[in-house]
Amino acid sequence: MAEQQKLQIAYDMTSHHALGWRFLHVQKRLGLAFVLTRRKKDIGTDVTVVCDLWDRAKGEQIVINNITYQRSLRDTGKFQEFLPDYTELLAILSNRYGITHRIRLEEEFLKSDGVGGIIREIVVASSDA
1 MAEQQKLQIA YDMTSHHALG WRFLHVQKRL GLAFVLTRRK KDIGTDVTVV
51 CDLWDRAKGE QIVINNITYQ RSLRDTGKFQ EFLPDYTELL AILSNRYGIT
101 HRIRLEEEFL KSDGVGGIIR EIVVASSDA
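Taking full-length UniProt numbering, the leading residue of the sequence shown gets 1, the next gets one more, and so forth.
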């Protein structure tokens, strides 16, 4: 009997913002995430799909007296407009593939262990460039 191989999934330490994508593209990506996660579950791995959403991403920008102001997706209401679509899609995929899921917003992601150090490194590297 062949020894089971461990499925390696690359993680780029990045949380990808999907609110700007066309919804069909989002459906395909989330669908793929659930398919891959189901495979991991089938080989005995404890799994959950986490969908990171950036509610404070730039929603609109205006210039007043040569000063640029921007409002987040949450402030403009765009985030709240699309959130039910994500919630519904995640529930459908979760039921279809038998995988638990959760939505993680920007604030929670930024409080995750190690994220502060990574952001610091990015800021330092960009200021050196």
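Yeah, the Cβ is synthetic: ideal placement off N, Cα and C, and Gly gets one too.
Does DSSP put V47 in a helix, in a strand, or in coil?
Taking the sequence shown and counting its residues from 1, one reaches residue 47 at position 47. Coil.
In chain order, each alpha helix (DSSP H) run of at least 4 residues that lies wholly inside the region 26–77
73–76
Please report how far the alpha carbon of R71 lies from the alpha carbon of E106, in whole angstroms.
Here residue 71 refers to the residue found at position 71 when the sequence shown is read from its first residue. Here residue 106 refers to the residue found at position 106 when the sequence shown is read from its first residue. Those two C-alpha atoms are separated by around 15 Å.
6 Å CB neighbourhood of T48 in its chain, flanking five on each side removed
Locating residue 48 in the sequence shown gives position 48, counting from the first residue. Excluding sequence neighbours, T48 sits near T100.
Does the separation of the CB atoms of D46 and R104 fall below 8 Å?
Against the sequence shown, residue 46 aligns to sequence position 46. Against the sequence shown, residue 104 aligns to sequence position 104. No, they are not a contact pair.
By alpha-carbon positions, which one of K78, I43, K40 ends up nearest to R56?
Your numbering for residue 56 matches position 56 in the sequence shown. Nearest of K78, I43, K40 to R56, Cα basis: K78.
Alpha carbon to alpha carbon, what distance is there between L73 and E60?
For the purposes of this step, residue 60 is taken as the residue at position 60 of the sequence shown. For the purposes of this step, residue 73 is taken as the residue at position 73 of the sequence shown. Taking the straight line from one Cα to the other gives about 8 Å.
Which one of Y97, L83, N66 has the shortest CA to CA distance from V26?
Stepping through the sequence shown from its first residue, residue 26 is reached at position 26. Minimum Cα distance to V26 is reached at L83.
Give me the Cα-Cα distance between G31 and I43, rounded to the nearest whole angstrom.
Numbered from 1 along the sequence shown, position 31 holds the residue referred to as residue 31. Numbered from 1 along the sequence shown, position 43 holds the residue referred to as residue 43. Going by the C-alpha atoms only, they are around 19 Å apart.
Backbone CA spacing between G117 and R29 [nearest angstrom]
Start at 1 with the first residue of the sequence shown, and residue 117 comes out as number 117. Start at 1 with the first residue of the sequence shown, and residue 29 comes out as number 29. Each residue's Cα considered, the two are about 28 Å apart.
Of the listed residues W54, L93, L89, D85, nearest to D75 (C-alpha basis):
By one-based count along the sequence shown, residue 75 stands at place 75. Comparing Cα-Cα distances from D75 to each of W54, L93, L89, D85, the minimum goes to W54.
Compute the Euclidean distance between the alpha carbons of R120 and S126, then round it to the nearest angstrom.
Reading the sequence shown from its first residue, position 120 is the one you call residue 120. Reading the sequence shown from its first residue, position 126 is the one you call residue 126. Roughly 10 Å separates the two Cα atoms.
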